[in-house]
Structure formats: structure tokens, C-alpha cells
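*Asks:* Numbered per my numbering, the sequence shown spans residues 2 to 441.
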Amino acid sequence: MDTSSRLPLELLLEVFRHYISDRDIPVQSFDFSDGLWTLGQVNRTWRFAVLSDKSLWSTINMAVNYPSHVNSTSSGVSANLIFYDEMPMDEIHTIVPTPTTNQILAYILLRSKDMPLTISLHFPTKNPDMENVISSAWRPLFSVLLAEAHRLRTLDLVAPAQIWRDFANIPLARLPLLQKVDGTLPYIHDFFPVIQRCSDVSDLAVEVRYTDGSRDGGDAIYMPRLCKLEVSTARLLDAITAPNLTSLAVMKKSLITSSSRVPPIVDFIRRSGCSLTNLELHWNGTADELFDVLPSMLTVESLSFFHNSFEVAFDTRMKSVSSVLPRLRAFSLQRDVVVRHREHWVKKLDPFPDAIPVIDVIESMLAGGILESIHVGLVVVDVLSEAARERLSILNATPGVKVEIRQWSSDILAWSLYDRLDSVLDHMPSIRTGWSIHQR
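1. Got a sec: is the Cβ-Cβ distance from Y20 to anything in chain B below 9 Å?
2. Under 6 Å Cβ to Cβ from L158, same chain only, skipping five residues before and after it: list those, please.
3. Considering only the alpha carbon of each residue, which of W409, D361, L396 lies closest to V384?
4. Quick one: what does DSSP say H1 is sitting in, helix, strand or coil?
5. May I ask you to verify whether the region 38-56 touches the region 90-109, counting CB pairs closer than 8 Å and requiring at least 3?
6. Check this for me: beta carbons of K181 and L156, under 9 Å apart or not?
7. Quick one: grab the DSSP three-state call for P187.
8. Can you give the beta carbon distance from T278 to T300, rounded, assuming they're within the 8 Å contact cut?
9. Helix, strand or coil, according to DSSP, for N397 in the structure here?
10. Per DSSP, what kind of secondary structure is I363 in: helix, strand or coil?
11. Confirm, please, whether the CB-CB distance from T126 to P187 is below 9 Å.
12. Between L291 and the rest of its own chain, which residues show a CB-CB distance below 7 Å, the 5 nearest in sequence each way excluded?
13. Within 10 angstroms of the Cβ of Y67, are there 16 or more other Cβ atoms? Answer buried if so, exposed if not.
14. If we call anything under 9 Å between Cβ atoms a contact, is I171 one with T119?
15. If we count the other Cβ atoms within 10 Å of its Cβ and call it buried at 16 or more, is A398 buried or exposed?
16. Could you tell me which uninterrupted alpha helix (DSSP H) segments, each at least 4 residues in length, are contained entirely in the region 256-325, listed from first to last along the chain?
17. With a CB to CB cut of under 7 Å and the five nearest residues on each side skipped, what residues in its chain are close to I406?
18. Tell me whether P264 is buried or exposed, calling it buried when 16 or more other Cβ atoms sit within 10 Å of its Cβ.
19. Smallest Cα separation from L15: which of P27, G286, W47?
20. Under 9 Å, do L367 and L334 count as touching if we go by C-beta distance?
21. Thinking C-alpha only, which one of S365, E231, F311 is nearest K320?
22. Just verifying my parser: in three-state terms, what is the DSSP assignment at F353?
23. To which residues of the same chain is H342 closer than 7 Å at the C-beta, ignoring the five residues directly before and after it?
24. What is the DSSP secondary structure of E373, reduced to helix, strand or coil?
25. Using a Cβ-Cβ cutoff of less than 7 Å, which residues in the same chain neighbour L237 once the five nearest sequence positions on both sides are dropped?
26. For a test of the three-state rule: what should DSSP assign to A206, helix, strand or coil?
27. Between D167 and F143, how many whole angstroms is the CB-CB distance? I'm expecting something under 8 Å.
28. Sorted by chain position, which residues of the same chain lie with C-beta nearer than 6 Å to S303's C-beta, five sequence neighbours on each side aside?
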């Protein structure tokens, strides 16, 4: 007899939960060679345990693929759509929705009974020209989930516009448990109706892939419970008022561009009256513009600053950033990386002339004794003298300090590709890199 069959039910279920959750890529609910489907085939005891615990079934992960071939005489479109190397979908088990798929999803929902649901559903969105053709095949699958909208607690959805419009048509009263939404929308004009259904969430992350045009909608949505917000562009901030927000990440670079003279992020903070403590800022403006914006964020305690210019990142005013942000205790400075293939990042590096000015800035930031930690990601320089190496060594021996500076050389491509770059990319949010799924 299998000794595992003698384990108490609660202990066996705890083992199952660890087996399912301790993954780099979560178990896919329609992968019948893994997860609950295989656990239930081991023996009668395991099957009973799997079927009896509704919480095991309340987390649903699905990645939808295009049909192997799609024809539409009405649209005049005929294409062979097999993901077109869409990342990261080619790394995981995917499904092509059919009536049988919908029945299986209904069965999974039935097994979860009355438990709050955590749903991750990713559709491919690389071919917007096919959207009207494909959505008709995908919407029935989504409608099965919408029937249980009252149980939705967490939703991670990457989908074409029509799917998002179906979500936006759910009455707000049917979403009483919804707390966290991580969404990727194709167009900015669909953003406003979507966040109207998210007005009571505490955690919101939104990426809009095509930001041309203007959003539909009226005044900003009041979101009194929102504590954590990530947006792919600052343009989305004008649709939100969040008085209790403490954590903000603006992931991409259109921070300054606005029809208003006031940068969108400053206008958002003033309108909301929030006290930010954590800020992740991706910047492509000038140093002057940066130091015009920072004084509006006096409550920030942790700042992660992503830049695409060493001249901005190591502007001499950075030496006194603690006087601009008096509560700042943790500071991270990284080169902004918005690429799909790792080797392209190194090719985009423009070496800083000398390491000494970089080290001067960092030492001055630490001199006041206010900062408790500082992390400066890889800085490539033309000149890294012995004196600079000694000062760098002293910096890195300081508790809470990590500074990476390397002199440009012919082997830096291989070095960065297989060493430091991996560690940098591991800490990037999925909304920016597109290399992970269900990872936020």
C-alpha cells in the first residue's frame, strides 16, 4: 500500500497545494498531463482528496491559442495563425476553445463550488486584423466565466477588445469580491469602460498596447480602495482618482507628453491627494523635467528609477535626491530595458565616459546617512580606473549597497547575456518584458 495514502487528508491537501503552486510557470488548468488531473489518477485516496477540496479548483489558468487555420470569406481574411512566436505563450500548454473546452471549464467551476475565484486567462493578441473573426470563437469560453462573475476575486486577463467589452458590460453589483485586476487591452479607448468595473479593487495593473487616439469616458473614476497601481503609460492616470494609493508604477516612457503643461503623474497625485510610499518611474525626459516632478512626491520612501540616459541618471542634482524626497530610504537605479530579445539590450548600451562621476553621485547620495539601501544596476563605462575600482569596492562593502559598473570591452556582450543580464531581467515586472505569464 502506498504510504502517502495513510496521510491525514489536510496534510495530503497541503502537499498538493505546494505541488501545484511551486512552479515558475503555473499549472495550466487544461493541461491533462499535469496538476489536478494527474494527482487524481494516482489512487483512490488521492482522487478523493482532489475532488473533495474546492479550493484546489478555484484557481484557473488558461492560455488560448489561435485555431490552426482560420478562414473568413466575409472579412476576406485567410491566415495560418499559430501564435507567430508570441511570447510567452509558446512556453506553456495552450488550448483552442471548442464546445468541449467550455464544458470542461464549467466542470472546473462546478468543482470549485462557492469559493472566490482566481482567474488567469490569456488570449493571443498579435493579429488585430483577425480580431473580429477570432472573437466569435473565444467569447463563448469567456461567457462561461462571466456566469460566475460574482465569485471573481482576482482576474489576470490579456484579451482582444471584444472580450474586454464583454467584461465592461458586467454590472458592477455582480463583481462584489473583485480585488485585483491585471489586464492587457489592445486600445486606449476601451480603458475607461473597463476600469469602471474595477472601481472597488485594491490592486490594479493595466497595459494598453496601442495608445494612439484618446480614451472614451468622462470624469476620472473614483477608486477609494485602490492601494497599488501599475499603468503602461502615464496617459492612463487622467482616468483615475485614488486617494488611498500608496504604490505606483508607471511602466513606459510617455511621462511628459501631454496636452497639459502639468505632467500627467503630477496632475494625478494632486487630484488624488494620495501619499505615495513606493514609486517605480520609467523616464525619458530631461533632468530638469525630472526635478520638476519629484517635489510632488514628498512622501515616497522607496524609489525605483528606470532611465535611458546616463546623463539624466547621474545628473549632479541626484547627489541631493534625499533633500528633494526627505522620506526616501531605498533607491534603485536601472537602465530602462524594453526589448524582447536579450542580446538587443547590450547593443543599446551607450557607455558613460568615466566611472568617477557615477561613483561621486552615489557616494554623495549615501553621505547624508538617510538612505538605507541603494542599488545601481549595470553601468557600462569607457574608463574604469584603478582608483575607481577601489572606491567601487568600498561602496559594495557597505551594507545595503550594490553598485554594478563594468568597463566596455569586446566580451561584454557574452558576459552580460549570460551573467548580469539574467539577474536584471529576473526582477523585471511582466507587464514590461512580456517574458512571463501569470507572474505578477
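Virtual Cβ for every residue (Gly too), placed ideally from N, Cα, C.
*Replies:* In terms of the structure at hand:
1. Of the protein chains in the structure, only one exists, and it is not chain B.
2. Only L122, G184 meet the Cβ criterion.
3. Of W409, D361, L396, the residue nearest in Cα terms is W409.
4. Because the chain spans 2 through 441 in this model, residue 1 falls outside it and cannot be assessed.
5. Fewer than three beta-carbon pairs drawn from the region 38-56 and the region 90-109 are found closer than 8 Å, and the two stretches are therefore not classed as touching.
6. In this structure, L156 lies closer than 9 Å to K181 by Cβ.
7. Here P187 sits in strand by DSSP.
8. About 6 Å separates the two Cβ atoms, so the contact holds.
9. In this structure, DSSP gives N397 a helical state, which the three-state scheme calls helix.
10. Under the three-state reduction of DSSP, I363 is assigned to helix.
11. In contact: P187 and T126 (Cβ atoms closer than 9 Å).
12. These residues qualify, in order along the chain: W284, V313.
13. With 16 or more other Cβ atoms within 10 Å, it is buried.
14. The Cβ atoms of I171 and T119 lie no closer than 9 Å to each other.
15. Residue burial is scored here from C-beta neighbours: A398 has fewer than 16 other C-beta atoms within 10 angstroms and is therefore classed as exposed.
16. Segments of the alpha helix (DSSP H) lying fully in the region 256-325: 265-273, 288-294, 311-314, 322-325.
17. Here I406 has A356, V359, V380, V382, L385, L393 as same chain residues with Cβ atoms under 7 Å from its own Cβ, once five neighbours each way along the sequence are excluded.
18. Classification for P264: buried.
19. It is worth fixing the name first, because residue 15 is Glu in this sequence and not Leu. Here the closest residue by C-alpha is W47.
20. Inclusion of L367 and L334 in the CB contact set at 9 Å is not warranted, their separation being larger than that value.
21. The candidate whose alpha carbon is nearest that of K320 is S365.
22. In the three-state scheme derived from DSSP, where H, G and I count as helix and E and B as strand, F353 is classed as strand.
23. The pLDDT assigned to H342 is 41, lower than 50, so where the model puts this residue is not dependable, and the model offers no usable value.
24. DSSP places E373 in coil when its eight states are reduced to three.
25. If you ignore the 5 residues before and after L237, its C-beta comes within less than 7 Å of the C-beta of F192, V207, V209, all in its own chain and listed in chain order.
26. The answer is strand: DSSP assigns A206 an E or B state.
27. Taking a contact as a CB-CB distance under 8 Å, the pair D167 and F143 counts as one, their CB atoms being some 6 Å apart.
28. Answer for S303: N279, A331, listed in chain order.
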